[in-house]
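Comments concern the structure below.
Protein chains: 2
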Amino acid sequence: EHLAISDVSLDDSQARVTIIGVPDQPGLASRVFRGVAEAGVFVDMIVQSYKGKNGKARLSFTVPRRQIDSALAVTARLQADCGFEALSSSPSVAKLSVSGIGLHSHTGVAIRMFRALAEIGVNVAMISTSEVRVNVVVSAEDGERGLKALQEAFADARL
Amino acid sequence: EHLAISDVSLDDSQARVTIIGVPDQPGLASRVFRGVAEAGVFVDMIVQSYKGKNGKARLSFTVPRRQIDSALAVTARLQADCGFEALSSSPSVAKLSVSGIGLHSHTGVAIRMFRALAEIGVNVAMISTSEVRVNVVVSAEDGERGLKALQEAFADARL
Ligand SMILES: C[C@@H](O)[C@H](N)C(=O)O
Ligand SMILES: C[C@@H](O)[C@H](N)C(=O)O
Numbered sequence: 041e042h043l044a045i046s047d048v049s050l051d052d053s054q055a056r057v058t059i060i061g062v063p064d065q066p067g068l069a070s071r072v073f074r075g076v077a078e079a080g081v082f083v084d085m086i087v088q089s090y091k092g093k094n095g096k097a098r099l100s101f102t103v104p105r106r107q108i109d110s111a112l113a114v115t116a117r118l119q120a121d122c123g124f125e126a127l128s129s130s131p132s133v134a135k136l137s138v139s140g141i142g143l144h145s146h147t148g149v150a151i152r153m154f155r156a157l158a159e160i161g162v163n164v165a166m167i168s169t170s171e172v173r174v175n176v177v178v179s180a181e182d183g184e185r186g187l188k189a190l191q192e193a194f195a196d197a198r199l
Numbered sequence: 041e042h043l044a045i046s047d048v049s050l051d052d053s054q055a056r057v058t059i060i061g062v063p064d065q066p067g068l069a070s071r072v073f074r075g076v077a078e079a080g081v082f083v084d085m086i087v088q089s090y091k092g093k094n095g096k097a098r099l100s101f102t103v104p105r106r107q108i109d110s111a112l113a114v115t116a117r118l119q120a121d122c123g124f125e126a127l128s129s130s131p132s133v134a135k136l137s138v139s140g141i142g143l144h145s146h147t148g149v150a151i152r153m154f155r156a157l158a159e160i161g162v163n164v165a166m167i168s169t170s171e172v173r174v175n176v177v178v179s180a181e182d183g184e185r186g187l188k189a190l191q192e193a194f195a196d197a198r199l
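Note that the protein sequences, when read in sequence, are chains A and B. At position 51 of the first sequence (counting the first as 1) the number is 91 in my numbering, and the numbers step up by one without a gap. At position 117 of the second sequence (counting the first as 1) the number is 157 in my numbering, and the numbers step up by one without a gap.
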């Protein structure tokens, strides 16, 4: 498979907020992110996987590390109103990104990323793919060595 | 806020697979997606939100509708080996996408999307954002009216 990679990068400026047990009804995502934006918090990655057996969704998002306290304050205030089961967060995470060119390459890109990170024992905490880019979140400690592993794994495919 | 939107689109060719209760250890994502690729299934969107209170992750991905059976066969075969708690799927979903230009617009894009869908009572089932694009999955029945609502919501921002 011919992969054409334009960029492999590490963003270690982010923190993570996860809302566990979000009622899966229209309007909740809008309330959460409007509240976070009104508090002046800049959200980077937003990820929601499909609901679980209990019918509740799980929303994760990343914010600049210096804004984690205001992001948590907003979600904690919404918790009672919206019926969230729990909040979890991390003061620092690392986002690893690989950008490919063309629709058919992003699956190949994802598979190669997951394999490269698995081989060095790095756990993938969040995944978000789009047509031209695959983003994964790993622990802050794994950022640098994750980046090195991905640079090697894609060395032959760089544009 | 000046939003610059290059595209609002609906892809109603996809189906969804969700693996509930994935052990959150290095290597699992690699095994799943290598298995799915070896079965010749083309994966479009991959989403993993952060693990829940039970320490297990939840992986959702979309595949062409005609390939849902082989995708489920692969994940069912892996279920016992990898210790997945459950599988869920949908034979048809609708992916709504809005592409923005420039880093600072994608949060504004996401908020406007969520609000537009909330106002017409469309439930957001999955979310995946990247720097230039926001993808949400809704039910197949909500695809067309979701697209119309987004076209109106972003009419003033189209490039
Ligand atoms: C769940 C899955 O992503 C796992 N954490 C892995 O690294 O492969
Ligand atoms: C969980 C959240 O995304 C909800 N389903 C909504 O539509 O807002």
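Beta carbons: idealized from backbone N, C-alpha and C, even for Gly.
Residue i versus residue j: straight-line alpha-carbon distance, rounded
| i | j | result |
| --- | --- | --- |
| B:E14 | A:R185 | Here chain B has residues from 41 to 199 only, and residue 14 of chain B is not among them. |
| A:L143 | B:L118 | Interpretation of A:L143 is limited by its pLDDT of 49, a score under 50 that renders its predicted location unreliable; no figure is taken from the coordinates. |
| A:V57 | B:S110 | 35 Å |
| A:P104 | A:V83 | 8 Å |
| A:N175 | A:L157 | 13 Å |
| B:A79 | B:G148 | 38 Å |
| B:A120 | B:Q107 | 22 Å |
| A:V62 | B:F194 | 27 Å |
| A:L94 | A:D196 | As written in the sequence, residue 94 of chain A is Asn, which differs from the Leu given in the question. Distance between the alpha carbons of A:N94 and A:D196 is about 44 Å. |
| B:D112 | B:R74 | A small correction: the amino acid at residue 112 of chain B is Leu; Asp does not occupy that position in the sequence shown. Each residue's Cα considered, the two are about 14 Å apart. |
| B:A180 | B:D52 | 7 Å |
| A:A150 | B:L43 | 29 Å |
| A:A77 | B:R152 | 11 Å |
| A:G161 | B:K188 | 45 Å |
| A:G123 | A:T115 | 11 Å |
| B:K135 | B:D182 | 10 Å |
| B:S130 | A:P131 | 35 Å |
| A:S206 | A:E125 | Since the first residue of chain A shown is 41 and the last is 199, residue 206 of chain A is not available in this structure. |
| B:S137 | A:S137 | 20 Å |
| B:K96 | A:K96 | 15 Å |
| B:H146 | A:E159 | 33 Å |
| B:S128 | A:V81 | 34 Å |
| B:F154 | A:K91 | 17 Å |
| B:V177 | A:V178 | 24 Å |
Collapsed DSSP secondary structure at residue i in the structure displayed
| i | result |
| --- | --- |
| A:F124 | coil |
| B:K188 | helix |
| A:G61 | strand |
| A:V178 | strand |
| B:V86 | Reading the sequence as shown, one finds Ile at residue 86 of chain B and not Val. DSSP places B:I86 in strand when its eight states are reduced to three. |
| B:N94 | coil |
| B:G80 | coil |
| B:G161 | coil |
| A:V72 | helix |
| B:F194 | coil |
| A:A116 | helix |
| B:A156 | helix |
| A:G183 | helix |
| B:A55 | strand |
| A:V149 | helix |
| B:I141 | coil |
| A:A111 | helix |
Anticipated Cβ contact below 8 Å, residue i with residue j, distance rounded
| i | j | result |
| --- | --- | --- |
| A:I60 | A:V72 | Incorrect: roughly 13 Å between the Cβ atoms, too far for contact. |
| A:Q54 | A:V133 | 5 Å |
| B:S170 | A:R173 | 5 Å |
| A:I141 | A:S49 | That pair is no contact at about 15 Å. |
(message) Does the segment 67-87 of chain B come into contact with the segment 93-105 of chain A, if we say contact requires no fewer than three beta-carbon pairs (one atom in each stretch) closer than 8 Å?
(response) No, because fewer than three Cβ pairs between the segment 67-87 of chain B and the segment 93-105 of chain A fall closer than 8 Å, the two stretches do not touch.
(message) Check whether the segment 164-174 of chain A and the segment 82-94 of chain A are in contact - that is, three or more C-beta pairs closer than 8 Å.
(response) As far as the Cβ criterion goes, the segment 164-174 of chain A touches the segment 82-94 of chain A, which means the pair count is three or higher.
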